[in-house]
Amino acid sequence: MAGKKSLHIESSGQLCIYCGACVGVCPLNCIYLDETRITFDERICTRCEICVKACPVGAIEID
Amino acid sequence: MVKDLTTDVLVIGAGPAGSMTAKWAAKSGARVVMIEKRQEIGSPVRCGEGMSKEWLKEVGVTPSSRWINVEVEGARIFSPSEKVLEINEKHAGNEVGYVVERDGFDKQLAIDAGNAGVDVMLKTAATGIVRENGRIVGVTAKAFGEPFTIRAAVTIGADGFESQVGRWAGLPTNLQLRDMDSCLQYRMTNVDCDVRYCDFYLGKVAPGGYVWVFPKGDGLANVGIGVQLSQIKSPAEARTYLDAWIAKHPAYAKGKKIDMVGGGVSICAPIKQTVTDGFMLVGDAARMIDPLTGGGIANGCIAGKICGEVAAKAVHAGDASKEFLQAYEKGWRVRLEEKLYRNWLAKEKLCSLSDETFDKVVDALEGVKLEKLTVHNILKAVHTKYPEVTREFEAFL
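Following this line, the structure appears as structure tokens:
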């Protein structure tokens with residue numbers, strides 16, 4: 001997406017522990033936790049990176 | 001095919017605050033539906049599992065060996081150089097209490113709700129709010145993947161830290177970086193911990209939070225950490241800090257990890273608004289976690305009882321307006337807000353102390369027999385030994 005950095009949530013379970021920390025802190029309420037799946041809305045996300053800090057296991061990356 | 005349904009009170013989320021709200025609404029004569037997105041109430045556990053105990057009677061919960069692992073005598077606060085401040089039951093005013101099996105505890109509360117007449121729906125998640133003429137009249141949901149609608153006179157969000165319902169309802173629950181700790185915990189076996197105490201390690205081992213060790217008996221303990229988001233510099237620091245702390249403590253480094261949980265904990269001041277037309281928010285979803293201790297169970301349950309009772313009254317009165325629901329807004333604030341605010345201020349101050357100052361404070365208190373652990377008594381004791389440390393607090397002395 002032009003002008004936006006790329007955000008990646010590793011939600012296959014290799015890193016993600018489905019704890020919901022990113023969901024609760026997202027200021028735009030655009031991350032969704034569905035049992036063992038975490039998704040985010042690419043269109044709403046502003047790459048503010050607060051979820052990157054909230055994740056206790058480093059499963060969210062921005063580059 | 002799931003049928004649309006209508007009820008008096010709808011509770012979203014079957015954690016402690018949700019079950020408590022549902023139970024008291026049912027006991028007060030309302031028809032109650034409680035939905036839970038998971039297949040099993042209480043599992044997976046996302047909690048340190050330490051809680052105080054004096055409030056249980058107030059909300060009608062009988063302590064049971066089915067969910068109590070250990071009854072502790074007190075708490076120990078370890079300063080950065082590991083000087084120890086012991087807080088026993090007398091000092092802490094019953095603030096200390098049990099280390100529990102959270103899944104068992106949550107199930108107990110859900111059983112109490114079920115026995116009070118609450119209809120519980122598992123594998124049922126709210127997907128959106130339904131509004132009519134500006135007021136909330138229920139939610140769209142999915143049960144076992146199938147969409148349907150639940151209409152209710154009063155809808156209650158008890159969907160925990162990651163609450164989306166509160167934000168859909170337009171309530172101000174957003175957090176700043178400084179308002180949240182990122183947490184990680186291992187359940188460890190084969191550790192040497194003292195089952196008489198819940199231990200807290202403060203200072204740079206866990207910036208803006210602490211490392212905890214809560215004993216579960218038989219060499220088992222929950223060893224966890226919370227780190228304030230505003231102090232995190234790179235991803236996964238909660239894990240980095242916790243692993244570093246464990247490596248430096250032989251009594252825990254020899255332990256074996258058998259479980260790992262993570263999560264977010266809000267450490268903010270009380271939010272400004274928890275009700276709107278047809279809707280109330282309760283527990284961690286309403287940011288009712290104690291910002292100093294990080295504990296959310298007691299506050300969620302206490303507020304839940306008030307919330308359930310007000311919901312039933314609103315049903316009987318045929319009035320679920322924001323004005324009527326102020327009884328809950330006022331009720332929980334009278335009971336909890338002053339302490340939440342005071343502990344938020346104390347937490348802000350604690351976070352600003354250097355390791356050196358913090359060591360001095362604990363050193364000054366070590367061996368001093370304080371009648372009661374009040375801010376005034378602490379400052380007086382510190383002033384006697386390190387007057388320079390208390391200079392900025394002289395107004396309180």
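Chains as they are written, first to last, in this note's numbering: chain A, 1 to 63; chain B, 1 to 397. Virtual Cβ for every residue (Gly too), placed ideally from N, Cα, C. These numbers were taken from a predicted model, which means no experiment stands behind them.
Among the residues of its own chain, which have a CB less than 8 Å from the CB of glutamate 237 of chain B, if the five just before and after it don't count?
-> The residue given as residue 237 of chain B occupies position 237 in the second sequence. Once the five neighbours on either side are set aside, the close Cβ partners of glutamate 237 of chain B are Ser182 and Val227.
Threonine 149 of chain B bridges to which residues according to DSSP?
-> Here residue 149 of chain B corresponds to residue number 149 of the second sequence, with the count starting at 1. Its beta-bridge partners are B/Thr140.
Candidates B/Trp332, B/Pro291 and B/His376, of which the one nearest glutamate 348 of chain B by Cα = In the second sequence, the residue the question calls residue 348 of chain B occupies position 348. Of the candidates B/Trp332, B/Pro291 and B/His376, the one whose C-alpha sits nearest the C-alpha of glutamate 348 of chain B is B/Pro291.
Test: isoleucine 50 of chain A CB closer than 8 Å to a CB of chain B | Position 50 of the first sequence, counted from the first residue, corresponds to residue 50 of chain A. By this cut-off, isoleucine 50 of chain A is an interface position.
Does the distance from the CB of isoleucine 44 of chain A to the CB of leucine 28 of chain A come in under 8 Å?
-> Taking the first residue of the first sequence as position 1, residue 44 of chain A is located at position 44. Taking the first residue of the first sequence as position 1, residue 28 of chain A is located at position 28. Their beta carbons are under 8 Å apart, which means isoleucine 44 of chain A touches leucine 28 of chain A by this criterion.
Hey, is serine 163 of chain B's beta-carbon within less than 8 Å of any beta-carbon in chain A?
-> One-based indexing of the second sequence puts residue 163 of chain B at position 163. Yes - at least one Cβ of chain A is within 8 Å of the one on serine 163 of chain B.
Three-way DSSP call (helix, strand, coil) for glycine 203 of chain B in this model = Numbered from 1 along the second sequence, position 203 holds the residue referred to as residue 203 of chain B. It is coil, neither helix nor strand.
Paired residues, beta bridge with leucine 220 of chain B - DSSP | As a first step, residue 220 of chain B is located in the second sequence; it is residue number 220 there, counting from the start. For leucine 220 of chain B, which the question treats as bridged, DSSP gives the partners B/Gly217.
Thinking just about the alpha-carbon of each residue, which of B/Gly296, B/Ala113 and B/Gly331 is nearest to the one in isoleucine 267 of chain B?
-> As a first step, residue 267 of chain B must be located in the second sequence, where it is residue number 267. Checked all of B/Gly296, B/Ala113 and B/Gly331; the closest Cα to isoleucine 267 of chain B is B/Gly296.
Valine 389 of chain B burial status per 10 Å Cβ neighbour count (16 or more: buried) | Here residue 389 of chain B corresponds to residue number 389 of the second sequence, with the count starting at 1. The residue in question, valine 389 of chain B, is buried, as its Cβ has 16 or more Cβ neighbours within 10 Å.
Can you list the residues of chain B that isoleucine 17 of chain A reaches, using a CB-CB cut of under 8 Å?
-> Along the first sequence, one-based indexing puts residue 17 of chain A at 17. Those are Met260, Val261 and Gly262, listed as they occur along chain B.
Which same chain residues, not among the five before or five after phenylalanine 358 of chain B, have their C-beta less than 7 Å away from its C-beta?
-> Along the second sequence, one-based indexing puts residue 358 of chain B at 358. Hits under 7 Å: Ser79, Pro80, Leu202 and Gly203.
Going along the chain, which residues of its own chain have a beta-carbon closer than 7 Å to the beta-carbon of tyrosine 386 of chain B, five neighbours each way excluded?
-> Translated into positions along the second sequence, residue 386 of chain B becomes position 386. Only Lys360 and Ala364 meet the Cβ criterion.
Could you say if the region 154 to 174 of chain B and the region 7 to 25 of chain B meet the contact criterion of at least three C-beta pairs nearer than 8 Å?
-> yes
Compile a chain-ordered list of the residues in the region 228 to 243 of chain B whose CB is closer than 7 Å to at least one CB of chain A.
-> Leu229, Ile232, Pro235, Ala236, Ala238 and Arg239
Using a Cβ-Cβ cut-off of 7 Å (strictly less than) and excluding sequence neighbours within five positions of methionine 51 of chain B, which residues of its own chain qualify?
-> Translated into the one-based positions of the second sequence, residue 51 of chain B becomes position 51. Gly97, Tyr98, Val100, Gly295, Ile297 and Ala298, listed in sequence order.
Touching or not, the region 168 to 182 of chain B and the region 296 to 315 of chain B, by the rule of three or more beta carbon pairs under 8 Å?
-> no
The alpha helix (DSSP H) with isoleucine 246 of chain B in it runs from where to where?
-> What you label residue 246 of chain B is simply residue 246 of the second sequence in a count that begins at 1. Element bounds for isoleucine 246 of chain B: 237 to 248.
Output the distance between the C-alpha atoms of tyrosine 210 of chain B and methionine 188 of chain B, rounded to the nearest integer angstrom.
-> On the second sequence, residue 210 of chain B is found 210 positions in, with the first residue counted as 1. On the second sequence, residue 188 of chain B is found 188 positions in, with the first residue counted as 1. Cα to Cα, tyrosine 210 of chain B sits roughly 18 Å from methionine 188 of chain B.
How many whole angstroms separate the CB atoms of valine 9 of chain B and valine 154 of chain B, which I take to be in contact at a CB cut-off of 8 Å?
-> For the purposes of this step, residue 9 of chain B is identified with residue 9 of the second sequence, where counting begins at 1. For the purposes of this step, residue 154 of chain B is identified with residue 154 of the second sequence, where counting begins at 1. 5 Å between Cβ atoms; contact.
Simplified DSSP state of serine 321 of chain B, which is helix, strand or coil = For the purposes of this step, residue 321 of chain B is taken as the residue at position 321 of the second sequence. In the structure shown, serine 321 of chain B sits in coil (DSSP, three-state: anything other than H, G, I, E or B).
Between the C-alpha atoms of histidine 8 of chain A and isoleucine 62 of chain A, what's the straight-line distance to the nearest angstrom?
-> In the first sequence, the residue the question calls residue 8 of chain A occupies position 8. In the first sequence, the residue the question calls residue 62 of chain A occupies position 62. Near 6 Å, if we compare the C-alpha coordinates of isoleucine 62 of chain A and histidine 8 of chain A.
Using a Cβ-Cβ cut-off of 6 Å (strictly less than) and excluding sequence neighbours within five positions of glycine 264 of chain B, which residues of its own chain qualify?
-> Sequence index remark: in the second sequence, residue 264 of chain B carries index 264 (1-based). Closer than 6 Å at Cβ, skipping near neighbours: Phe161 and Met180.
Which term fits alanine 317 of chain B, buried or exposed, when burial requires 16 or more other beta carbons within 10 angstroms of its beta carbon?
-> Numbered from its first residue, the second sequence carries residue 317 of chain B at position 317. Exposed, since its Cβ has fewer than 16 Cβ neighbours within 10 Å.
Residue nearest to leucine 350 of chain B in terms of C-alpha spacing, selected from B/Gly48, B/Phe148, B/Thr293 and B/Glu366 | The residue given as residue 350 of chain B occupies position 350 in the second sequence. Answer by Cα proximity: B/Thr293.
Three-way DSSP call (helix, strand, coil) for methionine 288 of chain B in this model | Translated into positions along the second sequence, residue 288 of chain B becomes position 288. Methionine 288 of chain B: coil per DSSP, three-state reduction.
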